[in-house]
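The sequence shown begins at 2 in this note's numbering and counts up by one. We put the CB at the ideal spot given by N, CA and C, even for glycine. The structure under discussion appears below in the form of structure tokens.
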Amino acid sequence: MPELPEAETIATQLNHCLSGVSFGRVILRRREMVHGDRRSLTSTLPGRRVRQVTRRGKRVLIELHPKAMLVFRLGMTGQIMVTPATKLRDRHVHLSIKLQDDDRELRFRDVRRFGGIWFREADSQADDDGLGGLGPEPLELDLAQFAEICNRARQIKALLLDQSAIAGLGNIYCDEALFQAKVHPLIPASELKASQRRRLFRSIQAVLTRAIKAGGSTLRDYRTATGQEGNFQNEHRVYGRTGEPCGRCKAVIERQIIAGRSTHFCPLCQAVPGVV
Ligand SMILES: [Zn+2]
Numbered sequence: 002m003p004e005l006p007e008a009e010t011i012a013t014q015l016n017h018c019l020s021g022v023s024f025g026r027v028i029l030r031r032r033e034m035v036h037g038d039r040r041s042l043t044s045t046l047p048g049r050r051v052r053q054v055t056r057r058g059k060r061v062l063i064e065l066h067p068k069a070m071l072v073f074r075l076g077m078t079g080q081i082m083v084t085p086a087t088k089l090r091d092r093h094v095h096l097s098i099k100l101q102d103d104d105r106e107l108r109f110r111d112v113r114r115f116g117g118i119w120f121r122e123a124d125s126q127a128d129d130d131g132l133g134g135l136g137p138e139p140l141e142l143d144l145a146q147f148a149e150i151c152n153r154a155r156q157i158k159a160l161l162l163d164q165s166a167i168a169g170l171g172n173i174y175c176d177e178a179l180f181q182a183k184v185h186p187l188i189p190a191s192e193l194k195a196s197q198r199r200r201l202f203r204s205i206q207a208v209l210t211r212a213i214k215a216g217g218s219t220l221r222d223y224r225t226a227t228g229q230e231g232n233f234q235n236e237h238r239v240y241g242r243t244g245e246p247c248g249r250c251k252a253v254i255e256r257q258i259i260a261g262r263s264t265h266f267c268p269l270c271q272a273v274p275g276v277v
């Protein structure tokens, strides 16, 4: 499932490909994928020019001129790509936007359909812009703000997954950051010692930064906006490594369901003193 580094990679590439480019004809195959001003999407997108493409949490934002915004939620299997318009569209391509004076188009493809598209005009009456309720960005936080977020009794893994507490982390990068920081995923956030909290804060930023550099993690569906696979999956230390020896202590990596998600951790490196 695409998380912050994957969305960042896609947004950076799209910004490079699309800035200053005007949209042409729109083909919307599944109307139910679009929220907000869905009625005007196909009629008012053609002729609009891309100002910039950015990211917020795990979402990709295309800012347009005249003023409007397209927001993409990638969900489990969402892909946003710029491809030759002649390339066959399979049945999972729900939206295609032709680029003006160009033989390529922007496509949103989503096999499982947990993703979504929000279109919002500047004078929109729609209250849902696809960005509501998102917490702060993990790479823009300072330690004091992170300590404030951690001042809750919830288990740290569940808290980090909560997009309203901190936006952009999913299963992969939570597990990797908790491992790097040697923090057990079930420990209540408010019980973290100051030193653990500091380590976790630094680990989250370090793991995300390295993953962005590597173009994200491809496990199955994720591709960059140019159709490439990411490389960070080769650097996963615990995620997807159940039963393998820990690279630090050789204990066997375990997997448990936490907050409804499978969690990978080293029972020795991430032990809770007095419990394990
Ligand atoms: Zn270990």
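For Ala178, the Cβ stays outside the 7 Å cut-off from all heavy atoms of ligand 1.
Residue pairing of Ser23 in beta bridges, as defined by DSSP: Arg50. Separation of Val27 and Leu144 (C-alpha to C-alpha, rounded to the nearest whole angstrom) is 45 Å. Check the Cα spacing between Pro6 and each of Ser218, Ala252, Gly136 and Thr87: the tightest is with Ser218. Beta-bridge analysis with DSSP links Val253 to Pro246. Put simply, the backbone Cα of Gln126 is about 12 Å away from that of Arg39.
For the pair Leu162 and Leu170, the CB atoms are nearer than the 8 Å cut-off.
The three-state secondary structure of Ile157, taken from DSSP, is helix. Shown here, Ser97 sits in a strand according to DSSP, grouped into three states. In this structure, DSSP gives Thr219 a state outside helix and strand, which the three-state scheme calls coil. Taking 7 Å as the cut-off, the C-beta of Arg249 counts as close to a heavy atom of ligand 1. When secondary structure is reduced to three states using DSSP, Pro137 falls in the coil class, being assigned neither helix nor strand. Pairing Gly244 with Leu107, the inter-Cα distance amounts to about 41 Å. Remark: C-beta atoms of Val72 and Ala12 do not approach each other more closely than 8 Å. Counting the other CB atoms within 10 Å of its CB gives Glu177 a total of 16 or more, which places it among the buried residues.
Closest in alpha carbon position to Thr227, among Thr10, His95 and Ala260, is Thr10. Within 7 Å of the C-beta of Ala252 there is at least one heavy atom belonging to ligand 1. Under the three-state reduction of DSSP output, His66 falls in the strand class. Cα atoms of Asn235 and Ser41: separation of roughly 43 Å, rounded to the nearest angstrom. Asp111 has Gly79 as its beta-bridge partners, per DSSP. Across the set Asp129, Cys18 and Gln164, the C-alpha of Cys18 shows the shortest separation from the C-alpha of Val83. In chain order, Thr243, His265, Phe266, Cys267 and Pro268 place their CB closer than 8 Å to the CB of Glu255, counting only its own chain and leaving out the 5 sequence neighbours on each side. Membership of Ser263 in the beta strand (DSSP E) is indicated by the continuous run Arg262 to Phe266. Contact between the region 103-117 and the region 31-38 is present: 3 or more CB-CB pairs across the two stretches fall below 8 Å. Annotation: the continuous alpha helix (DSSP H) that includes Val208 extends over Ala195 to Lys214.
Within the model, the alpha-carbon separation for Ala252 versus Leu62 is close to 42 Å.
At least one heavy atom of ligand 1 is found less than 7 Å from the C-beta of Leu269.
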